[in-house]
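One structure is given below, encoded as structure tokens.
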Amino acid sequence: MSVGQNIPHDSSRGHVTGGSVFIDDRPLMTGEVQVLPIGVPAAAGTLKSIDFSEALKASGVLAAFTAQDLYHNSWGTIVPEQPILVADKIGYYDEPAVLLVGTDMESLLRAKKFVRFEVEKGPAIFTIDEAIAKQSFIYKANAFKVGDADAALAKAPHRLKGAFECGGQEHFYLESNACIAYPLEDGQMEIHASSQHPTETQHVVAEALGLSLHEVVCVVKRMGGGFGGKESQAAPFAAMAALVAQKMKRPARLCLSKDDDMMMTGKRHPFKNYYEVGFDGDGKILALKAHLYADGGAYADLSSSILDRAMFHVDGAYYLSDAFIEGSVVRTNLYSNTAFRGFGGPQGTMTIESIIEDIALYLKKDSLHIRELNCYQKDVRNVTHYGQNLGHNPLPDLFTELKKSSDYVTRRQEIDAFNARSKTHVKGLSMTATKFGIAFTARFLNQGNASVNVHKDGTVQVSTGATEMGQGVNTKIQQVVAHAFGIPAQAVKVMATSTEKNHNTSPTAASSGSDINCAAAMKAALGIQKRLAWLFQNILAGTPMNDIAECPTLDEAQLRFDEFHFEDKMLTHLPSGKSLSWEDIVKQAYFNRMSLGEYAHFKTEGLGFDKKTSQGTPFKYFTNGVAVSEVQVDLLTGEYKILRSDILMDLGRRINPGIDRGQVTGAFVQGMGWVTSEKLFHNKDGKLLSHSPTTYKIPNVQDTPRVFNVEFIENHENRENVHRSKAVGEPPFLLGISVWTALKDAANAKSKGLISTLKSPATPEDMLLELARHE
Ligand code: MTE
Ligand code: HPA
Ligand code: MOS
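So for the sequence shown, this note's numbering puts the first residue at 133; every next one is plus one.
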């Protein structure tokens with residue numbers, strides 16, 4: 133019974149002992165070279181020339197390559213418009229333009245300052261409003277319409293109009309982008325990359341080098357974190373390393389420094405969302421009109437898909453009877469923004485959570501009342517603004533339970549009393565929700581494949597397209613396969629991901645890596661289970677060894693598969709009670725010349741969304757949760773503490789409760805970092821200034837809630853997914869928003885009627901400025 137158990141993460145020992153191998157831990161090969169990408173020192177304009185002649189004279193420097201050396205110099209998951217190396221038009225400051233190659237990194241860093249760029253600077257755009265004014269767009273989405281938003285707004289007793297703004301976020305994975313390219317025979321290339329998307333990395337490398345896809349293999353053992361940042365943007369760096377390997381016929385290693393990684397790669401999309409909301413005197417939302425603007429940065433990347441997900445999540449956990457939601461991605465001269473945990477969902481949901489705080493202030497009511505009033509219900513008011521029925525909807529129960537278990541009502545009274553009394557501090561309290569749609573919104577990505585190999589001693593190797601980035605997907609796959617065969621988890625190893633074994637895979641993303649790849653692995657395991665059961669059925673029937681043929685397909689097999697059970701390292705025939713040990717049945721299968729390997733393909737059923745009408749079922753199901761946070765702000769300095777956060781999530785029946793707890797806790801802390809201290813600063817030329825841990829503030833342990841309760845509800849209604857589990861990777865990220873709404877609630881407590889203009893992130897400085905507005 134492996135499923136449901138708290139077995140340790142398959143890399144936990146390796147991570148604490150140093151045994152886990154990351155890209156830059158791979159031993160140097162003879163002749164291997166190091167690659168240092170260097171970016172252009174301008175955000176817009178034209179790159180006229182690069183002079184690296186002086187750099188080439190420096191000791192340890194072997195070569196330099198530019199755009200001209202590439203066979204094909206554009207890539208892009210959705211729109212292939214981004215150069216791998218700048219050729220002429222500059223997209224953003226520090227955009228890679230030249231690859232300096234040498235024997236060691238120290239020499240390259242010394243030589244870097246001798247590289248000269250001749251640039252003709254052009255006009256640059258750095259903000260969403262400037263981009264709107266200059267009509268600089270990457271993508272405009274079809275509007276989502278439900279009911280008649282204009283009419284409902286006109287009739288609404290109360291209206292609020294405003295713009296909600298949230299900032300970007302650096303992924304801050306501990307391992308920067310890294311890859312090594314090994315040139316093989318006949319011009320083939322083997323890439324080891326820190327990538328969430330080995331298939332795309334394979335494809336981008338092949339195109340850049342003029343190879344066919346079958347000439348490139350991409351291997352991913354693990355990442356030291358990805359968080360979406362390595363979904364698309366790992367690929368161009370692999371192409372850079374591969375270019376060097378191809379030209380020099382030597383292995384080439386490209387491992388970015390933290391600073392270069394932060395300056396060169398895209399981040400979470402900042403959004404500015406203009407809205408008008410209509411509501412009644414009790415706080416019931418009657419109409420929402422909104423235009424979401426995402427800052428895509430210089431190139432399209434995944435921005436259109438991210439905007440789509442923001443538009444899907446602008447309802448948060450709340451029913452919208454009449455809504456009109458538009459969306460655009462603007463093009464600016466900043467690094468190309470990309471996937472980041474939540475993929476637009478947080479930026480959409482936070483808008484309505486912010487609006488609800490405004491409504492509460494305006495009506496002088498508690499925001500939880502507004503939330504309960506608008507929360508999606510179970511039988512009525514349970515269809516989203518894009519027409520998806522929520523099915524079994526645990527949100528009302530989650531709100532009710534957390535309200536009780538967190539002692540919300542009493543604490544609200546205590547906080548009100550504290551705020552009336554205190555001259556030095558103000559407290560805030562707020563409960564928010566996550567209702568995260570599970571599936572890639574691009575339907576074709578909802579597929580995966582797996583192969584399962586049983587060896588003669590009964591141990592098992594599994595390979596899928598999933599990539600391990602710390603989230604525990606390997607451990608979950610290990611558990612479901614061990615469970616299928618009734619063997620201990622230790623008897624199953626999940627192997628490095630490779631495009632040679634699993635091809636045409638989707639990125640490990642959209643929180644569905646575990647869903648899709650566990651399902652594929654279970655399907656493959658089932659094929660082997662059936663053959664073994666067939667063999668045992670023949671053994672029990674006394675069929676002579678030599679006559680046991682290959683297992684026919686199930687229909688013809690007359691296999692009574694239901695009569696067989698795999699548990700405790702035994703295969704048992706239930707009607708007779710006879711069993712055979714796992715090792716024995718495996719040996720018998722081998723000597724009977726039966727296949728002990730199986731490959732399976734899986735696709736998520738039931739998805740259908742019509743982009744023209746913006747109606748349908750984009751998601752397989754939703755993962756839901758609620759969180760309530762309490763903050764205390766120092767009125768003199770704006771500094772604050774998170775006194776307490778309580779989280780309640782519905783993850784169905786968890787495959788590995790411990791791993792899921794880690795995901796919920798980590799995602800919440802990452803989410804609260806986004807809305808509190810993680811602020812990106814650029815100089816007037818568009819160069820990122822906050823490009824290291826000293827200038828970019830992620831939460832540390834003291835920033836986390838002083839009291840932190842993470843709980844789960846029992847949900848036996850969920851039948852959608854692998855062993856009735858629910859995806860966990862991204863949904864709890866959105867719960868970090870409760871810290872920001874609590875800060876807003878604290879500022880609102882000092883408001884004499886002014887609607888808040890607080891943006892996200894709300895740093896202590898921002899809190900001080902907001903409080904000053906109310907003095
Ligand atoms: N957890 C860790 N430790 N490291 C990561 O990089 N990425 C998150 C989430 N949890 C991430 C993580 C993101 S963005 C996604 S989409 C999911 O994991 C991907 O994995 P899954 O689909 O297997 O849950
Ligand atoms: N989520 C995450 N990553 C993605 C998606 C999505 O919906 N679509 C394409 N990449
Ligand atoms: Mo996660 S942003 O879907 O990689």
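Idealized CB from N, CA, C, for every residue including glycine.
Simplified DSSP assignment, three categories, for Met-627: coil
Uninterrupted beta strand (DSSP E) stretches inside the segment 349-426 (no shorter than 3 residues): 384-387 and 403-411
CA-to-CA distance, Val-760 to Glu-561, given in whole angstroms: Before going on, a small fix: residue 561 reads as Leu here, not Glu. Going from the Cα of Leu-561 to the Cα of Val-760 covers about 7 Å.
Ile-216 beta carbon less than 8 Å from that of Ala-371: yes
For Thr-745 and Pro-893, the rounded distance between their alpha carbons: 34 Å
Close Cβ partners of Ala-911 (< 8 Å) along its chain, the five nearest in sequence each way excluded: Summary: the structure shown does not reach residue 911, with the chain confined to residues 133 through 907, and so no result is reported for it.
Host alpha helix (DSSP H) of Met-910 (start-end): Residue coverage of the chain in this structure runs from 133 to 907, which leaves residue 910 outside it and unanswerable.
Limits of the alpha helix (DSSP H) - the one that Thr-149 falls within: 144-149
Check your reading: residues with Cβ closer than 5 Å to the ligand MTE heavy atoms: Gly-357, Gly-358, Phe-359, Gly-360, Arg-473, Met-601, Gly-602, Gln-603, Val-605, Ala-641, Ser-643, Gly-645, Ser-646 and Gly-861
Host alpha helix (DSSP H) of Cys-650 (start-end): 645-673
Beta-carbon contacts of Met-677 that lie in its chain and below 8 Å, excluding the five residues immediately before and after: Phe-723 and Asn-724
Beta-carbon spacing of Gly-790, Asn-138 below 8 Å: yes
Three-pair Cβ contact test at 8 Å for the segment 632-646 versus the segment 560-578: yes
Residues near Asp-414 by beta carbon distance below 7 Å, same chain, minus five either side: Leu-505
Inter-residue Cα distance where the pair is Gly-192 and Tyr-467: 30 Å
Distance, Ala-874 Cα to Ala-281 Cα: 29 Å
Any non-hydrogen atom of the ligand MOS within 7 Å of Glu-332 CB: no
DSSP beta-bridge partners of Ser-460: Lys-272 and Tyr-425
Coil, strand or helix - Tyr-518 by DSSP: coil
Through-space distance from Met-601 to Asn-841, alpha-carbon basis: 25 Å
Simplified DSSP state of Gly-234, which is helix, strand or coil: strand
Close Cβ partners of Ile-502 (< 6 Å) along its chain, the five nearest in sequence each way excluded: Gly-415, Ile-488, Ile-491 and Ala-492
Check: Ser-437 C-beta below 7 Å from any heavy atom of the ligand HPA: yes
Alpha helix (DSSP H) segment containing Thr-532, residue limits: 527-537
The ligand MOS heavy atom lying under 7 Å from the CB of Gln-328: yes
Proximal residues to Ile-660 (C-beta, below 7 Å), its chain only, five neighbours per side dropped: Val-584, Val-586, Leu-728 and Glu-730
For Val-758 and Ala-565, believed in contact at Cβ under 8 Å, the rounded distance: 5 Å
Any non-hydrogen atom of the ligand MOS closer than 7 Å to Phe-475 Cβ: yes
Within 8 Å, strictly: CB atoms of His-423 and Glu-458: yes
Ordered list of beta strand (DSSP E) runs contained in the segment 575-647, each at least 3 residues: 579-586, 592-596 and 624-626
Environment of Met-394 [buried if 16+ CB atoms lie within 10 Å]: buried
Classification of Val-337 by the beta-carbon crowding that lies within 10 angstroms, buried from 16 upward: buried
Check whether Gln-795 and Val-860 have beta carbons under 8 Å apart: yes
Unbroken beta strand (DSSP E) run spanning Gly-757, endpoints: 753-766
Cβ-based burial, Arg-553 [other Cβ within 10 Å; buried from 16]: exposed
Of the listed residues Phe-693, Glu-546 and Lys-180, nearest to Lys-559 (C-alpha basis): Glu-546
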